[in-house]
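One structure is given here, and the rest of the page talks about it.
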Amino acid sequence: MIDSTPRLDRDWLLTAARQRTGLTDFGDEWFIEPMDAYIAAAHAEGKLTPEGLAGQVEGIVKGLASRLRMIDDLHRHPEIREERVEVAGIILGLPRTGSTIFHRLLASAPGMTALRWFECQNFAPFPGEGRGEAPQRRAYAQAMIDGWLQLSPELASIHPLDPDAPDEEVIVLGQMFVGTAVEAMTFAPSFAAWLDAYDQSRGHEDLRTILQYLQWQDPSRRGAKWILKSPTNLPYTEVAARAFPDALLIMTHRDPLDVVPSYVSMEAALYKLNSVQDDKAVGAFWFPRLAAWMDRFMAARERIGEARFIDIDYREVAREPLAQAQRVLERMGIPVDDRIEAALAEFMAGNQREQRPTHDYSLARFGLDEAAINQAFAAYRERFIHS
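Using numbering that gives the first Met the number 0, the first residue of the sequence shown is number 0, and each one after it goes up by one.
See the structure below:
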């Protein structure tokens, strides 16, 4: 047995996951390298509160526990690796570009499926949950949401949280210490810089296995087309494109003058869950970070080729969401019939932005400057915003 006091220490975390599950085999332990890099940065820069430390430890242990349970199931059910997973589309773009509502709209179409928020938190069934069942995981996810909103109420206006709603695979990748979820939840600039030079392809290989695993858990998903979405795809677009070579790359667009303060505000709210950070320090990190993401993406898009992309304007989604969804579905080879049109319309009728509080944010609060944002994103704004 280990000391029950939560510790951000590799051996403690691995042992805690083993004790929670009664299992020992993590499979390929490639994730140890980024895990060590994250732990070092979190200690040096994270400024975690005692409650925040406990929350981060739980997030890591639950991810490791999911991995242990999945590896065990893979050994006992090798047919999982025979599941045919078809990822038809990957939504990427800067965060705060309307990608969440658009992702959920596309996933609502008959014949489509997506990772649900409760699955992102725990992709392996808990003990006692049968295939296609997840009462304990749903309860875990709802408790997480309740706790988050108690600590950071402004999240209700920033990102719609629902255990059963489609959400981002970046959460799963973050449990392997890759993607952008780790830096989104812990202020760790040195880890973000380290991650930029790290080959993240192993994370996407495991993500494909996790999609097979989820599909095996719920056979009703067989034959459905997966739609993925995450801002993590922007700086690492080529990794996602190689992992899912048949997927349409769907880029959502919005003026960075709105995106940057909106996302920095979201990060300030997320950091509030586990640490005490200065708003201007958060702005000073995330503004150049987002600009660097876009620079990396613009270069990657040229290498990948325009044929794999479709562009979706935030303003057009606000004006005519159904028409924009139909554009994407048709590009993915999915004929839009009366049944799909009805499902899309039903989703939109129940998911109006006005049902949530208004998200207030400003440049000044985070020490941001309009001219600097315009300059940093000049090429992007000229091509996609003002064209």
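All C-beta atoms in this analysis are idealised placements derived from N, C-alpha and C, irrespective of residue type, glycine included. Predicted, not measured: the structure shown is a model, and the values here were computed from it.
Task: Best match in 97, 51, 26 for proximity to residue 319 [C-alpha to C-alpha] - done: Nearest C-alpha to residue 319: 97.
Task: 7 angstroms CB neighbourhood of residue 232 in its chain, flanking five on each side removed - done: 89, 91, 239
Task: First through last residue of the alpha helix (DSSP H) which encompasses residue 10 - done: 9-20
Open item on the list: Using C-beta distances below 6 angstroms, list every residue in its chain close to residue 120, excluding the 5 sequence neighbours before and after it, in chain order.
Closed with: Setting aside the 5 residues that flank it on each side, residue 120 is surrounded in the same chain by 140, each with a C-beta closer than 6 angstroms to its C-beta; the list follows chain order.
TODO: Return the CA-CA distance between residue 291 and residue 374, expressed in angstroms with no decimal places.
DONE: 13 angstroms
- [ ] Only counting runs of 3 or more residues, tell me where the beta strand (DSSP E) segments fall wholly within the segment 190-260, in order along the chain.
- [x] 224-228, 247-252, all fully within the segment 190-260.
- [ ] Run the CB neighbour count on residue 254, radius 10 Å, all protein chains shown included, and call it buried at 16 or more, exposed below.
- [x] buried
- [ ] Measure the CB-CB distance between residue 118 and residue 213 and report whether it falls below 8 angstroms.
- [x] Here residue 118 is near residue 213, since their CB atoms are less than 8 angstroms apart.
Open item on the list: Rounding to the nearest angstrom, what Cα-Cα distance links residue 264 and residue 311 in this structure?
Closed with: 23 angstroms
TODO: Measure the CB-CB distance between residue 362 and residue 244 and report whether it falls below 8 angstroms.
DONE: no
Open item on the list: For residue 108 and residue 101, I'd like the C-alpha separation in whole angstroms.
Closed with: Those two C-alpha atoms are separated by around 11 angstroms.
- [ ] Below 7 angstroms CB to CB, which residues in the same chain sit around residue 210 once its five sequence neighbours on both sides are set aside?
- [x] 84, 225
- [ ] Report yes if the CB atom of residue 189 is closer than 8 angstroms to the CB atom of residue 32, and no otherwise.
- [x] Residue 189 is not a Cβ neighbour of residue 32, given a cutoff of 8 angstroms.
TODO: Report buried or exposed for residue 222, applying the criterion of at least 16 other Cβ atoms within 10 angstroms of its Cβ.
DONE: exposed
Open item on the list: As a quick exercise: from 234, 11, 338, 155, pick the residue whose alpha carbon is nearest that of residue 288.
Closed with: 234
Open item on the list: Please classify residue 317 as buried or exposed, where buried requires at least 16 neighbouring CB atoms within 10 angstroms.
Closed with: exposed
Task: Any alpha helix (DSSP H) of 4 or more consecutive residues that is wholly inside the segment 92-129 - done: 98-106, 116-120
Open item on the list: Measuring only the C-alpha atoms, how far is residue 99 from residue 285?
Closed with: Just so you know, the alpha carbons of residue 99 and residue 285 end up roughly 20 angstroms apart.
TODO: Hey, could you find the ends of the alpha helix (DSSP H) residue 170 is sitting in?
DONE: 169-173
Open item on the list: I need the boundaries of the alpha helix (DSSP H) containing residue 72, first residue and last residue.
Closed with: 49-75 is the extent of the alpha helix (DSSP H) around residue 72.
Open item on the list: Would residue 364 and residue 257 qualify as a contact pair, given that the criterion is a beta-carbon distance under 8 angstroms?
Closed with: no
Task: Contact set for residue 52: own chain, Cβ-Cβ below 8 angstroms, skip 5 residues either direction - done: If we look at residue 52 and ignore the five residues flanking it on each side, its Cβ neighbours are 5, 7, 273.
Task: Among 132, 326, 242, nearest to residue 198 - alpha-carbon criterion - done: Of the candidates 132, 326, 242, the one whose C-alpha sits nearest the C-alpha of residue 198 is 242.
Open item on the list: Considering Cα atoms alone, identify which of 111, 70, 229 is closest to residue 86.
Closed with: Answer by Cα proximity: 111.
Open item on the list: With H, G and I counted as helix, E and B as strand and the rest as coil, what does DSSP make of residue 369?
Closed with: helix
Task: Buried/exposed call for residue 134, threshold 16 Cβ in 10 Å - done: exposed
- [ ] Since I believe residue 299 is in contact with residue 236 (beta carbons under 8 angstroms), could you give me their beta-carbon distance rounded to a whole number of angstroms?
- [x] 5 angstroms
- [ ] Can you check DSSP and say which residues form a bridge with residue 320?
- [x] For residue 320, which the question treats as bridged, DSSP gives no partner whatsoever.
Open item on the list: Let me confirm a value: residue 166 is counted as buried when at least 16 other C-beta atoms fall within 10 Å, else exposed. Which label applies?
Closed with: Around the beta carbon of residue 166, a 10 Å sphere encloses 16 or more other beta carbons of the protein chains shown; the residue is thus reported as buried.
Open item on the list: Taking 7 angstroms as the limit between beta carbons, can you name the residues of its chain near residue 79, skipping five residues before and five after?
Closed with: Excluding five sequence positions before and after residue 79, the CB atoms of its chain that fall closer than 7 angstroms to its own CB belong to 72, 73, 211, 212, 215, given in chain order.
Open item on the list: What residue range does the beta strand (DSSP E) around residue 311 cover?
Closed with: 308-312
- [ ] Using the Cα positions of residue 158 and residue 38, report the straight-line distance between them to the nearest angstrom.
- [x] 27 angstroms
Open item on the list: I need the boundaries of the alpha helix (DSSP H) containing residue 276, first residue and last residue.
Closed with: Careful: residue 276 lies outside any alpha helix (DSSP H) and carries neither H nor E.
Open item on the list: Here's the rule: buried if 16 or more other CB atoms are within 10 angstroms of the residue's CB, otherwise exposed. What is residue 77?
Closed with: exposed
TODO: Note down, in chain order, each residue of its chain lying with its Cβ closer than 6 angstroms to the Cβ of residue 262, except the 5 sequence neighbours on either side.
DONE: 94, 95
Task: Beta carbon of residue 327 nearer than 8 angstroms to that of residue 249 - done: Yes. Within cutoff.
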